[in-house]
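As structure tokens, the structure follows; a few thoughts come after it.
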Amino acid sequence: AEACDHRLAERYPAGGHERARAEARLAEELRVIRHLGLSGFFILHRDLLELAREVAAEVRGTDTVRSTLPPGRGRGSSVASIVCYLTGLSHIDPLQNELHLGRFLNEELTALPDIDLDFPRDIREVLIPRVHERYGHEHSALVAAFATYQVKSTVRDFAKALGLPPGETEKLARTVDPWVPGNDIEADVAELGAIRADSKDSASMPNPSRSPRWRALVLLARAAAGLPRHQSQHPGGMVIATKPLIDLCPIQPAAMEGRQMVQWDKDSCGDAGFLKIDVLGLGMLSAIERCVEEIARTRNERIDLSRIDFADKEVYDQIQEAETMGVFQIESRAQMQMLKRTKPESLDDLTVQVALVRPGPILGGAVHPYIERKKALRSDPTYRVPYEHPSLEPVLKDTLGAIVFQDQVIQVAMAFAGFSAGEAEGLRRAMSRKRSEAAMRSYEENFVRGAVERGVEPPIAQRVYDQIVGFSGFGFPKSHSAAFGLLAYQSTWLRVHYGPEFLCALMNEQPMGFYPADALVHEAQRRGIEVRPPCVLRAGAECHVEEDDAVRVGLGYVNGVREAEVKALVAERGVHPYRSYRSIADLAARSGASAGTLERLAWAGACDALVEGPGEGRRRQALWLLGVAAPGVPVGSGGFGIRAKSSPAGTQLALPLDLHDAPSLRGLDAWDRLLADYGSTGVTIHEHPLELMRPTLPAGALTSAELETARHGRPVTVAGLVVARQRPATAKGVTFMLLEDEHGTLNLIVPPPVHDRCRLAVRGEALVIADGRLERREGVINVLVHDVRRLERADLPRAEVRHIEPRRMWSSESGEVISGTPGASAADLAAAMPAANSFGRGRR
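Each residue of the sequence shown is one higher than the one before, counting from 1 in the working numbering.
Here's what the structure looks like:
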């Protein structure tokens, strides 16, 4: 109470218009806390926050731009508490944002409330072991989680146990429907058998659809559905006890040294009455801190995100145009399409926006009424929002009569049906946890009866209850949406005003968000941000912004390099600022990097600056010189998972050439370079794959830019790289695919019949071509497809794509330089790019 009173004077000065409300709200919360005996609970969380401040000072330093930032941020229902706001556990003013407390704290509470805290990743990793030290290893532990068998893991695990061919197993795992109920893969195995029957290997390999072991896989997959697969660690849950945990529950060492874990999940810990704290990591918080730090380094500006303009027109213009790739929470395909229709104009609008694209509002029928009423208000400010009953207007005014937030379920039950706060919270919990039909029937009867007693017509009471039941899917409390909406705005503000630094921060914090680094880079290039390749003379271990605002890809982005070696390479370069590395031989001699690291750097183009000659031939020249100049470095020894066959590991090739007499090697053409980029970094800053394929696509195939002006309803053919595919439970079997071409992104809507007919391409291909009909509505463009197929030689009759490997440049048998491996298909692009493979599986 003393801490709250002290901060109250700072947050709500005497004489201010909110002071009286704040005092009343604080007094009420403190009364409830004392009534429930939760004072120690809040003191513990405040102590945790102070511990986080100490850790943040160690991690960030005391005199850096990050040092002024709070160690973390609150999320979830606790953000509605003024006690949390005054003690630093929340950064959102609950009075200004009109946040309802009942979801977090009420007198009829039967379980401990949740206070969720988000921390940047680097702070969280130090904080968790520090919690063990503060409260004792005997009294604190991480919470377990139990992963269950889903269809892909089932296929991989049981096929391996049955001794099935790895190649066929992986093909099945990549194409099986991840949303299939009960892990039923019989149709997929049959289709795999049909493909095998048509292949040249059909005579030598058994048909999966008739093999006893494949049939056993089908049966085992069904039986294993939903069973526990392995125990893992909860993302941030920890329990703290006054007694030794070993006396209360089973514990075990965690995977990381210095940590231990209880063998119960969060629900079991809650049922047992353990005090649980949530120490969560949030990638966007880390990215924002990196961005602020990079801005200070490159522009000498110190950004305080709590004091930026929250009514910046340029920011809202970008949001309304759905220019939000990389932005927190509002970057997904569904959110982008919604933004063009809702057109947020304030933080309050963003709070609603964050919560809108969730199963609860969608199944509850809130989305379209909200959009239509928002549109009506924009065209006619005098428009009257309709409400089912006058008592609902104060509760649903901010969401235009639609139930969007979890809190509103509680508020509607209280205002409309006369429920107490505890009864309303019980109704919400019963719906979200799918309690028994008898319990739900009892709540329904009480709800309708309570509404009728308050003068509501029975049909209206039933209709409102049905809306609440429809909301029973996952939804956000308003407090959580307010916290995330603020972060969405702040990240958009950084994207708009400090684009290079924001991109750099996102790349350094991968994996995070909806898009892989490759898609983020392409979008940034379309906005005019220059991105440069890794370079042993100019790049650091991580990505950074150069003096002319170009983003330099870090050496650590190269797949398979060792972090310690890359940092040592950069540090050694800094020791000699006036001569740096002068040649490939100098790099090999001084950097201390292993053969594998040097080869991977060369194949990524990072050594091009040390080689003379045409740019397209420098990667191969660098690889050649590494094999000649570096003692003990065999060419190809560091390869991409393929062992060199030309010499034993650790020996020098007996090359008949002097260092300065390197042969004239064939340069990399655009396809070779594309394959090398994707194979080494997963990112290409040169031509987009579709730019190279465009001349050979069917006549009339449209780009994403041409779709902008194409008429509604016309037939179209489009092609692209799959960035994401989703099949939400709320979409009645419809699959959504997001493609990228050289001009931007485009959306495909795949109806269930098309999905079933073209499922191998829809599920597993990285590059696809689709035929369909263009649909245009309120600035949102989709292609409703009737056919999707793999982008292959049938569609690219003149494409000549070669799969190039660094170790194939020299033939030990003939002693001749070979030019590559011709004859491969366009599908080799997908094989060479792990980024494309991850696109094919989808990101969320």
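We put the CB at the ideal spot given by N, CA and C, even for glycine.
Predicted model, so just to flag it, every value in this text is computed and none were measured.
Run through the DSSP bridge pairs and tell me what residue i is partnered with.
{"i": "Asn-782", "result": "Glu-775"}
{"i": "Phe-119", "result": "Gly-281"}
{"i": "Val-846", "result": "For residue 846 there is no data in the structure shown, the boundaries of the chain being 1 and 844."}
{"i": "Pro-715", "result": "Arg-773"}
{"i": "Phe-484", "result": "None, per the DSSP bridge assignment."}
{"i": "Val-456", "result": "None; Val-456 has no bridge partner."}
{"i": "Thr-148", "result": "Pro-228"}
{"i": "Glu-740", "result": "Leu-721, Thr-745"}
{"i": "Asp-787", "result": "Asp-771"}
{"i": "Gly-237", "result": "Asp-278"}
{"i": "Ser-140", "result": "Ile-240"}
{"i": "Val-561", "result": "According to DSSP, Val-561 bridges with nothing at all."}
{"i": "Thr-735", "result": "Val-750"}
{"i": "His-544", "result": "Arg-552"}
{"i": "Gln-726", "result": "Phe-736"}
Determine the closest residue to residue i out of the options, with distance taken between C-alpha atoms.
{"i": "Val-176", "options": "Asp-787, His-480, Arg-759, Ala-710", "result": "Arg-759"}
{"i": "Arg-789", "options": "Ile-319, Met-737, Asn-782", "result": "Met-737"}
{"i": "Tyr-515", "options": "Ile-240, Cys-607, Met-325, Asn-446", "result": "Met-325"}
{"i": "Phe-146", "options": "Ser-39, Asp-122, Val-262", "result": "Val-262"}
{"i": "Val-566", "options": "Arg-552, Cys-543, Ser-591", "result": "Ser-591"}
{"i": "Arg-75", "options": "Glu-778, Phe-104, Lys-243", "result": "Phe-104"}
{"i": "Asn-508", "options": "Val-558, Val-469, Ala-241", "result": "Val-558"}
{"i": "Ser-704", "options": "Leu-8, Arg-526, Leu-217", "result": "Arg-526"}
{"i": "Ile-584", "options": "Ala-604, Glu-563, Ala-609, Gly-574", "result": "Ala-609"}
{"i": "Phe-471", "options": "Ala-402, Ser-442, Ile-33, Pro-533", "result": "Ala-402"}
{"i": "Ala-604", "options": "Gly-613, Leu-339, Arg-620", "result": "Arg-620"}
{"i": "Val-404", "options": "Val-155, Glu-530, Pro-477, Ala-701", "result": "Pro-477"}
{"i": "Phe-310", "options": "His-230, Pro-113, Glu-18, Tyr-489", "result": "Tyr-489"}
{"i": "Arg-259", "options": "Tyr-581, Pro-244, Met-238, Thr-681", "result": "Met-238"}
{"i": "Phe-396", "options": "Phe-502, Ala-366, Ala-376", "result": "According to the sequence provided, residue 396 is Leu. The question's Phe does not apply to it. Leu-396 has its Cα closest to that of Ala-366, out of Phe-502, Ala-366, Ala-376."}
{"i": "Glu-572", "options": "Ala-588, Val-561, Gly-560", "result": "Ala-588"}
{"i": "Glu-58", "options": "Ser-211, Val-126, Phe-474, Ala-729", "result": "Val-126"}
{"i": "Gly-560", "options": "Gly-574, His-522, Asp-267, Gly-682", "result": "Gly-682"}
{"i": "Pro-113", "options": "Asp-267, Asp-398, Val-452", "result": "Asp-267"}
{"i": "Arg-454", "options": "Cys-543, Ser-39, Ala-415, Val-315", "result": "Ala-415"}
{"i": "Arg-46", "options": "Ala-20, Glu-530, His-100, Ile-115", "result": "Ile-115"}
{"i": "Glu-18", "options": "Gly-556, Asn-97, Gln-233", "result": "Asn-97"}
{"i": "Ile-468", "options": "Ser-479, Ala-430, Gly-499", "result": "Ala-430"}
{"i": "Ala-190", "options": "Pro-166, Glu-530, Leu-675, Leu-217", "result": "Leu-217"}
{"i": "Gly-667", "options": "Leu-674, Gly-700, Thr-696, Pro-614", "result": "Pro-614"}
Just checking my contact of residue i with residue j at CB under 8 Å: how many whole Å lie between their CB atoms?
{"i": "Asp-787", "j": "Asp-771", "result": "5 Å"}
{"i": "Val-611", "j": "Leu-625", "result": "7 Å"}
{"i": "Arg-60", "j": "Arg-66", "result": "4 Å"}
{"i": "Arg-428", "j": "Val-448", "result": "No, Arg-428 and Val-448 are not in contact; Cβ-Cβ is about 17 Å, not under 8 Å."}
{"i": "Ala-710", "j": "Val-716", "result": "6 Å"}
{"i": "Ala-593", "j": "Ala-539", "result": "Rounded, the Cβ-Cβ distance is 14 Å, inconsistent with contact."}
{"i": "Leu-746", "j": "Leu-707", "result": "6 Å"}
{"i": "Glu-301", "j": "Ile-295", "result": "5 Å"}
{"i": "Ile-43", "j": "Tyr-135", "result": "So it is not a contact: roughly 13 Å between Cβ atoms."}
{"i": "Leu-730", "j": "Leu-363", "result": "Contrary to the premise, residue 730 reads as Thr rather than Leu in this sequence. Right, their Cβ atoms sit about 6 Å apart."}
{"i": "Leu-623", "j": "Glu-599", "result": "7 Å"}
{"i": "Val-545", "j": "Pro-500", "result": "5 Å"}
Return no unless some Cβ of chain C is closer than 8 Å to the Cβ of residue i.
{"i": "Gly-574", "result": "Given the protein chain composition of this structure (a single chain), no chain C is represented."}
With contact counted as at least three CB pairs below 8 Å, one residue from each stretch, are the stretch 685-695 and the stretch 742-751 in contact? yes
Counting Cβ pairs, one atom from each stretch, are 3 or more of them under 8 Å apart for the stretch 144-151 and the stretch 222-239? yes
Between the stretch 284-294 and the stretch 483-500, do three or more beta carbon pairs fall short of 8 Å? yes
Spell out a yes or no on whether the stretch 108-124 and the stretch 420-430 are touching, meaning 3 or more CB-CB pairs, one atom from each, closer than 8 Å. yes
Are there three or more Cβ pairs, one per stretch, closer than 8 Å when the stretch 472-485 is compared with the stretch 89-97? yes
Are the stretch 451-460 and the stretch 273-285 touching by the rule of at least three beta carbon pairs closer than 8 Å? no
3-residue-minimum beta strand (DSSP E) runs that sit fully inside the stretch 14-85, ordered along the chain: 73-75
Mind the definition here: the stretch 291-308 touches the stretch 163-173 only if three or more C-beta pairs lie below 8 Å; say whether that holds. no
Does the structure place the stretch 356-367 close enough to the stretch 385-392 that three or more beta carbon pairs sit under 8 Å? no
Sequence ranges, alpha helix (DSSP H) only - wholly within the stretch 495-537, length at least 4: 499-508, 517-526
With a floor of 4 residues, list each alpha helix (DSSP H) that falls wholly inside the stretch 567-633, ordered by position along the chain. 584-590, 595-603, 618-629
Identify every run of the alpha helix (DSSP H) within the stretch 362-436, keeping only runs that are complete inside it and at least 4 residues long; order them along the chain. 367-379, 393-396, 406-417, 421-432
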